[in-house]
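Chemist: Encoded as structure tokens, here's the structure I'll be asking about.
Protein chains in written order, with this note's numbering: chain W, 17 to 516; chain X, 608 to 836.
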């Protein structure tokens, strides 16, 4: 058993209002520089829709993630040998137009324009060529809130898959928001796609990073990631990606996207997992079993054996404490209401989503006599088709989605009964039985999903340095290691060689 | 003068710049070491030009190893006669040379015709691509046309021994005095290109990831050791 800790995130889609505050603050912190204008480490997609980049879920085109071939796990885009043969031209890589051509506006013209009959305008200007763009045709969130539009819906690979169930009639349209960051997967295909080994997963917290000194810009990570969350910086010619705001999480602070989330939909916590079992879990034959297989990799942070073994392997006690209080552990593993995005890519993603409830398609008749069991057909008739959610979150297994939605509905019924009354007792109802839950669990869920304060939503242990070797040397030289002054060195080099 | 400068001093100046410059850039300008790509801006022409050029230049490199680095005695010992060798060299070298030339021409046209690509092309890129094109065009001309119309020049008796003698620091410069002018220009420009490598995008050829097939697919690094690897 090789125990590793992973900092992970849950997004509660029911609470996402699609305001893009996460994207904007992330952009301002990380990607507002030349070469990265088109890059959004965090983006919020309106679904159904093509997403960012367009059709990123189209694995036939971009060939991201893993695939099972003859019972073994392979990169879909091809293994090392075929990658080296294709190194002069990557046939599966997205072009900038699949994202969008970034532009600004010629605001100066508003100041400098001579007096004219018509008002001067600020024309759009490409940030790639510096030339005027007469008509930008695609941009960040071009299809924002347009889900249901006949121009964008057919571009959604999930819709193409479940087409027969999704009608385009106006009264049957639906939409939801999907905020996305790097998944910081347990079995990252971007890392395996990198010919130079510049991409790596950090031992301490599982954050996937690009070593900017080692990256040579071979670009296989770009489409090797099935979520298309590794980007090519055309200015530095290197790959860059979401780094889970590690300078913040190391200090115990949530990522900037979580910190600024208006709907408070994001939760961050630590989970412990067995790194030796990752490959096995990613290699189960049936994609529908991948979700359960991924859950089986995680370890119970309350199990005394796990605690003992984790401490033996150098995981600090504050990390074990955090794993016990982790909101991610509760939502993803204990209550099973958060699901991984596209488990069929076999990367074991670590950003989890609570599927959204949505309006019910048919009116509930006899609202006065509404009983708890009346919610069971209601869940089955929600506006967002269960097949669509299943295509996103459970490798087309609608049973998983149904169970989660029933649980969320049961939580509402229970709290309504408790605070307003009027419905029959949930305790004896069939809803409780079908949702496989208890009133006690539901009340715990309400606490975390609706009331939880900052310290309950974000349980992030600091990046502890006590275990680092030679702390005396680091004292006074932290962050300036290359030019550390002699006065920062309370342990002298000859002493260090003696102690080893 | 020609013997002393062009065939004795100049090759060593170029070699020194290549070695010192490359190490300097790798160690002190490590973040500028990459394989610059404009694939994100344009794919269709790149597919044709880049693949043709890169495979062509790999074949051309192998051809030069066979013609310049491997002594003529080895071929004689193996029973490969002069005629057979030249047949192979002209066919193989000609194909490789044409691949390089066509690939480079496509890449130059691409750089000029796509505004997004053009604005991201530096002086160094143009310099490299034009110099490479001149050298490759001369080489292809020598292989395909010169060897038929003028003389099938036996460079394995002059250029080969001279080039190998550079590595033993006893250059046989006098061998180079009598070779045809077009060969002289090809050699001098090539050395000039070698000297320019550390200052251009060409450094990416030293980073071909040969270890990729043998390494573990998943890479873990600890925060403590991140600057050691």
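In this text, a Cβ means the ideal position worked out from N, Cα and C, and glycines have one as well. No experiment lies behind these values; they were computed from the predicted model shown.
Nearest to residue 197/W by CA position, among 42/W, 428/W and 470/W, is which residue?
Modeler: Taking the first chain and counting its residues from 1, one reaches residue 197/W at position 181. Comparing Cα-Cα distances from residue 197/W to each of 42/W, 428/W and 470/W, the minimum goes to 42/W.
Chemist: How about residue 119/W and residue 84/W: do their beta carbons lie closer than 8 Å?
Modeler: Sequence index remark: in the first chain, residue 119/W carries index 103 (1-based). Sequence index remark: in the first chain, residue 84/W carries index 68 (1-based). No; because the gap between Cβ atoms is not below 8 Å, this pair is not in contact.
Chemist: For residue 727/X, decide whether its Cβ has a neighbour in chain W, counting only Cβ atoms nearer than 8 Å.
Modeler: Taking the first residue of the second chain as position 1, residue 727/X is located at position 120. Chain W, which has a Cβ nearer than 8 Å to the Cβ of residue 727/X, makes this yes.
Chemist: For chain W, check one thing: does any of its Cβ atoms lie closer than 8 Å to the Cβ of residue 638/X?
Modeler: Reading the second chain from its first residue, position 31 is the one you call residue 638/X. At least one chain W Cβ lies under 8 Å of residue 638/X.
Chemist: Do you know whose CA, among 192/W, 280/W and 69/W, lies nearest residue 470/W's CA?
Modeler: Taking the first residue of the first chain as 1, we reach residue 470/W at position 454. Comparing Cα-Cα distances from residue 470/W to each of 192/W, 280/W and 69/W, the minimum goes to 280/W.
Chemist: Evaluate residue 718/X with the Cβ neighbour count: other Cβ atoms within 10 Å of its Cβ, from every protein chain shown; 16 or more gives buried, anything less gives exposed.
Modeler: For the purposes of this step, residue 718/X is taken as residue 111 along the second chain, with counting starting at 1. Per the 10 Å Cβ criterion, buried.
Chemist: Going by beta carbon distance, what residues of the same chain come within less than 6 Å of residue 78/W, once the five residues before and after it are set aside?
Modeler: Here residue 78/W is taken as the residue at index 62 of the first chain, counted from 1. If we look at residue 78/W and ignore the five residues flanking it on each side, its Cβ neighbours are 108 and 239.
Chemist: Can you find a CB in chain C that lies within less than 8 Å of the CB of residue 229/W?
Modeler: Looking for chain C here will not work: the only protein chains present are W and X.
Chemist: Excluding the five sequence neighbours on either side, which residues of its own chain have a C-beta within less than 7 Å of the C-beta of residue 205/W, listed in chain order?
Modeler: Residue 205/W sits at position 189 when you count from the first residue of the first chain. Same-chain partners within the cutoff: 80, 81, 82, 91, 240, 241, 242 and 363.
Chemist: Near residue 633/X, which residues of its chain fall below 7 Å by C-beta distance, leaving aside the five closest residues on each side in sequence?
Modeler: Within the second chain, residue 633/X is the residue found at index 26, counting from 1. Cβ within range, chain order: 640.
Chemist: Please determine whether the Cβ atom of residue 826/X lies at a distance below 7 Å from any heavy atom of the ligand MG.
Modeler: In the structure shown, the ligand MG is absent, as is every other ligand, since no ligand is present at all.
Chemist: Check the DSSP bridge columns for residue 22/W and list the partner residues they point to.
Modeler: In the first chain, the residue the question calls residue 22/W occupies position 6. For residue 22/W, which the question treats as bridged, DSSP gives the partners 287/W.
Chemist: Pick out whichever of 686/X, 672/X, 684/X and 721/X has its Cα sitting closest to the Cα of residue 648/X.
Modeler: Position 41 of the second chain, counting from 1, holds the residue named residue 648/X. Among 686/X, 672/X, 684/X and 721/X, the Cα nearest to that of residue 648/X is on 721/X.
Chemist: When the distance is taken between beta carbons, is residue 322/W closer than 8 Å to residue 288/W?
Modeler: If you number the first chain from 1, residue 288/W lands on position 272. If you number the first chain from 1, residue 322/W lands on position 306. Yes; because the gap between Cβ atoms is below 8 Å, this pair is in contact.
Chemist: Can you tell me which of the three DSSP states residue 391/W falls into?
Modeler: On the first chain, position 375 is the one that residue 391/W refers to. Here residue 391/W sits in helix by DSSP.
Chemist: State the DSSP-derived secondary structure class of residue 314/W, mapped to helix, strand or coil.
Modeler: Position 298 of the first chain, counting from 1, holds the residue named residue 314/W. The answer is strand: DSSP assigns residue 314/W an E or B state.
Chemist: Ignore the nearest five residues each way along the sequence and tell me which others in residue 173/W's own chain have a CB closer than 7 Å to its CB.
Modeler: Translated into positions along the first chain, residue 173/W becomes position 157. The residues are 71, 73 and 74.
Chemist: Taking contact to mean 3 or more Cβ pairs, one atom from each stretch, closer than 8 Å, check whether the stretch 422-441 of chain W and the stretch 449-459 of chain W are in contact.
Modeler: Judged by Cβ distances under 8 Å, the stretch 422-441 of chain W makes contact with the stretch 449-459 of chain W, as three or more pairs qualify.
Chemist: How would you write the range of the beta strand (DSSP E) that residue 61/W sits in, first residue to last?
Modeler: As a working note, residue 61/W is residue 45 in the first chain. That run of the beta strand (DSSP E) goes 59-63.
Chemist: If we ignore side chains and look at the alpha-carbon of each, how far apart do residue 87/W and residue 296/W end up?
Modeler: By 1-based counting over the first chain, the position of residue 87/W is 71. By 1-based counting over the first chain, the position of residue 296/W is 280. Answer to the nearest angstrom: the Cα atoms are 11 Å apart.
Chemist: Whole angstroms are fine: how far does the CA of residue 246/W sit from the CA of residue 665/X?
Modeler: Counting from one through the second chain, the residue named residue 665/X turns up at place 58. Counting from one through the first chain, the residue named residue 246/W turns up at place 230. Near 30 Å, if we compare the C-alpha coordinates of residue 246/W and residue 665/X.
Chemist: Please state the DSSP three-state secondary structure of residue 833/X.
Modeler: For the purposes of this step, residue 833/X is taken as residue 226 along the second chain, with counting starting at 1. Annotation note: pLDDT 47 at residue 833/X (below 50); position unreliable, coordinate value reported separately. Three-state result, residue 833/X: coil.
Chemist: If you check the beta carbons only, do residue 476/W and residue 338/W fall under 8 Å apart?
Modeler: As a working mapping, residue 476/W is identified with position 460 in the first chain. As a working mapping, residue 338/W is identified with position 322 in the first chain. A contact, by the Cβ cut-off of 8 Å.
Chemist: Any C-beta of chain X sitting closer than 8 Å to the C-beta of residue 516/W?
Modeler: Numbered from its first residue, the first chain carries residue 516/W at position 500. Any reading at residue 516/W must be qualified, since the residue scores a pLDDT of 49, below 50, and its modelled position is unreliable; no value is offered.
Chemist: For the stretch 394-410 of chain W and the stretch 365-374 of chain W, state whether three or more C-beta atom pairs, one from each stretch, are separated by less than 8 Å.
Modeler: Verdict: yes, contact present.
Chemist: Would you list the one or two residues that DSSP bridges to residue 91/W?
Modeler: If you number the first chain from 1, residue 91/W lands on position 75. Paired residues: 82/W.
Chemist: To which residues of the same chain is residue 360/W closer than 6 Å at the C-beta, ignoring the five residues directly before and after it?
Modeler: Here residue 360/W is taken as the residue at index 344 of the first chain, counted from 1. Same-chain partners within the cutoff: 303 and 411.
Chemist: Counting only beta-carbon atoms, is residue 239/W nearer than 8 Å to chain X?
Modeler: Translated into positions along the first chain, residue 239/W becomes position 223. Taking Cβ atoms only, chain X never reaches closer than 8 Å to residue 239/W, which makes this a no.
Chemist: With C-beta atoms as the reference, is residue 828/X less than 8 Å away from residue 216/W?
Modeler: Here residue 828/X refers to the residue found at position 221 of the second chain. Here residue 216/W refers to the residue found at position 200 of the first chain. Yes, the Cβ-Cβ distance between residue 828/X and residue 216/W is below 8 Å.
Chemist: What do you reckon, are the CB atoms on residue 784/X and residue 609/X nearer than 8 Å?
Modeler: If you number the second chain from 1, residue 784/X lands on position 177. If you number the second chain from 1, residue 609/X lands on position 2. Yes, the Cβ-Cβ distance between residue 784/X and residue 609/X is below 8 Å.
Chemist: Judging by CA-CA distance, which residue of 643/X, 612/X and 622/X is the nearest neighbour of residue 724/X?
Modeler: Start at 1 with the first residue of the second chain, and residue 724/X comes out as number 117. It is 643/X.
Chemist: From the DSSP output, which residues share a beta bridge with residue 255/W?
Modeler: Along the first chain, read from residue 1 onward, the residue named residue 255/W stands at position 239. BP columns for residue 255/W point to 248/W.
Chemist: Assuming residue 335/W and residue 24/W make a contact with CB atoms under 8 Å, what is their CB distance in whole Å?
Modeler: Within the first chain, the letter at position 319 stands for residue 335/W. Within the first chain, the letter at position 8 stands for residue 24/W. Wrong, their Cβ atoms sit about 13 Å apart, outside the cutoff.
Chemist: What do you get for residue 698/X, buried or exposed, if any count of 16 or more other CB atoms within 10 angstroms of its CB means buried?
Modeler: Reading the second chain from its first residue, position 91 is the one you call residue 698/X. Looking at its Cβ environment, which holds fewer than 16 other Cβ atoms inside 10 Å, residue 698/X is exposed.
Chemist: Below 8 Å on the Cβ atoms is my guess for residue 704/X versus residue 767/X; work out the distance and round it to an integer in Å.
Modeler: Taking the second chain and counting its residues from 1, one reaches residue 704/X at position 97. Taking the second chain and counting its residues from 1, one reaches residue 767/X at position 160. 18 Å between Cβ atoms; not a contact.
Chemist: At 4 residues or longer, what runs of the alpha helix (DSSP H) sit wholly inside the stretch 696-770 of chain X?
Modeler: Those alpha helix (DSSP H) runs which fall completely within the stretch 696-770 of chain X and span 4+ residues are 722-725 and 730-748.
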